[in-house]
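Working notes for the structure below.
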Amino acid sequence: MAVGKNSQTMSPVHLFSHGSTMMLGEDSASARYWEKCGDEALAHGIEHVVMMGAHWATSMAGGVLISANPTPGKSPVAFVDPAKYKTYALNPDLDYVPVIQSHLAAAGIPSEADPTFDWIHDTYLILVRMFPRGCPPTTIISMNGLFDPHLHTAIGAALRPLRAAAHKTLFIGSGGAVHNLFRNVWGPMLRYRDNFAQPTPPEPWALDFRQEVVDTFCAGYEDKVPVDEAIYGREIRSPRGVGGPLLRRKAASLMKHPNFRDAHATDDHFMAVLFVAGLCGGKGDEDAIGVLGAEDWELTNMCNSQFTIGDWEGW
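Reading the sequence shown from the start, the letters are residues 1393 to 1707 in this note's numbering.
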């Protein structure tokens, strides 16, 4: 999207909630939206995908690891027929690793290539659904195990220049809007393999924090939706820009929300939010529109919201 005066054309950024492992095996609104986003990326000539997930972190002081295994394996996926992912060929983008490292280094963020890392479901679950006909060249960036929100925002900010059209790069953060495994209702999934069962409504803390995340990435959508209309199950979009420096501050402040610890028992599934806020937090992003493209509730209290910031205008 061409955002801000005299700015470059920038690729949109996706913030996806990958949910439970069963999201790989079951049809869902989220899965259909992921594939739609993948088709759009390929149609616009994307040649590189860069992801930060929620299941890989490093203890490196102030830095991150970058996937550089030429033949990565896949960690097992529970409750999913192996035929749905075993034969999917991963495509590590080894030539892009130095490009990413150079941008991180320029921002003072140390990084190391990891030639032994095997990919985990938080990333390849998304790739299988987004690009069912073949994985594009992809690089995965680890989190830092201290889960400092400002560091993860800085990582996104350092890589923001790679969103320029000339780099043909698509960024994806894979985490969770509401993701507290300790407060999920596991019975229907364990007994009946039904991850979408809702024997009771989500609890108020889950609904409330989900709303805070939507208000951050789709600010002002209420101006477009009549108060007597339900928004669940439909695409919603902000009527004004949601990017820019304010997005970075709002995303970080969510970790101080009274319901944050209920919604995220651990910080790992929220770092993708900060990564995306960094990627979309430049002055030139202030006009970028936020879209909630799809959403699924799993295990009663886990909300899988799928956001896109920006669009393909100008490509």
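Beta carbons: idealized from backbone N, C-alpha and C, even for Gly.
Nothing here was measured: the structure is a model prediction, and the numbers come from that model.
Could you check what DSSP says for residue i in three-state terms: helix, strand or coil?
i: Gln1400; result: coil
i: Trp1426; result: helix
i: Asp1506; result: strand
i: Val1605; result: helix
i: His1661; result: helix
i: His1656; result: coil
i: Phe1408; result: strand
i: Ala1394; result: Note on Ala1394: pLDDT 45, under 50, position unreliable in the model; no value is reported.
i: Glu1678; result: coil
i: Ile1628; result: strand
i: Thr1413; result: helix
i: Trp1707; result: coil
i: Leu1691; result: coil
i: Phe1699; result: strand
i: Ser1566; result: strand
i: Ala1421; result: helix
i: Gly1635; result: coil
i: Gly1670; result: helix
i: Ala1686; result: strand
i: Ala1556; result: strand
Residues in the same chain with beta-carbon distance under 6 Å from residue i, minus the five sequence neighbours each way, listed in chain order, please.
i: Arg1632; result: Gly1612
i: His1436; result: Trp1704, Trp1707
i: Gly1674; result: Arg1552
i: Gln1698; result: Phe1408, Ser1422, Tyr1425, Gly1685, Ala1686
i: Phe1652; result: none
i: Pro1580; result: Asp1586, Ala1589
i: Ser1503; result: Gly1455, Val1456, Ile1458, Gln1493, Leu1496
Quick check: residue i and residue j, are their CB atoms within less than 8 Å of each other?
i: Phe1509; j: Trp1448; result: yes
i: Val1442; j: Ser1534; result: no
i: Asn1572; j: Ala1657; result: yes
i: Phe1588; j: Asp1688; result: yes
i: Arg1640; j: Thr1700; result: no
i: Thr1692; j: Val1577; result: yes
i: Ile1362; j: Ile1501; result: One cannot answer for residue 1362 here, as it falls past the ends of the chain, which runs 1393 to 1707.
i: Val1491; j: Val1668; result: no
i: Cys1610; j: Gly1635; result: no
i: Phe1539; j: Gly1430; result: no
i: Ala1550; j: Ala1499; result: yes
i: Ile1518; j: Ser1467; result: no
i: Gly1445; j: Thr1515; result: yes
i: Thr1592; j: Leu1646; result: no
Let me know if residue i comes out buried or exposed under the rule of 16 or more other beta-carbons within 10 Å of its beta-carbon.
i: Ser1403; result: buried
i: Lys1642; result: buried
i: Leu1416; result: buried
i: Gln1603; result: exposed
i: Thr1479; result: exposed
i: Arg1555; result: buried
i: Leu1582; result: exposed
i: His1542; result: exposed
i: Thr1531; result: buried
i: Arg1626; result: exposed
i: Gly1373; result: The structure shown does not extend to residue 1373, since the chain is modelled only from 1393 to 1707, so the question has no answer here.
i: His1410; result: buried
i: Gly1454; result: exposed
i: Tyr1584; result: exposed
i: Lys1397; result: Residue placement at Lys1397 cannot be trusted, given a pLDDT of 39 that sits under 50; what the coordinates show is reported in the next sentence. Per the 10 Å Cβ criterion, exposed.
Going along the chain, which residues of its own chain have a beta-carbon closer than 8 Å to the beta-carbon of residue i, five neighbours each way excluded?
i: Pro1462; result: Pro1484, Leu1486, Pro1507
i: Ala1481; result: Gly1526, Cys1527
i: Val1472; result: Thr1413, Met1414, Leu1416, Gly1417
i: Ala1557; result: Gln1400, Thr1401, Met1402, Ser1403, Gly1706, Trp1707
i: Val1395; result: Because the pLDDT at Val1395 is just 44, under 50, the model does not fix this residue reliably, and the value given afterwards should be weighed accordingly. Only Met1402, Gly1633, Gly1635, Gly1676, Asp1677, Glu1678, Asp1679, Ala1680, Gly1702 meet the Cβ criterion.
i: Asp1600; result: Asn1651
i: Glu1614; result: none
Below 7 Å CB to CB, which residues in the same chain sit around residue i once its five sequence neighbours on both sides are set aside?
i: Lys1560; result: Gly1437, Ile1438, Glu1439, His1440
i: Phe1574; result: Ala1657
i: Gly1537; result: Ala1449, Thr1450, Ser1451
i: Ala1598; result: Val1570, Ala1655, Asn1693, Cys1695
i: Glu1432; result: Trp1704
query: In chain order, which continuous runs of the alpha helix (DSSP H) of length 4 or greater are located wholly inside the segment 1498 to 1552?
result: Taking only runs of at least 4 residues, the alpha helix (DSSP H) segments lying wholly in the segment 1498 to 1552 are 1513 to 1522, 1541 to 1551.
- prompt: Unbroken beta strand (DSSP E) runs of length 3 or more, entirely within the segment 1437 to 1505: which are they?
  reply: Qualifying beta strand (DSSP E) stretches, in chain order: 1440 to 1450, 1456 to 1459.
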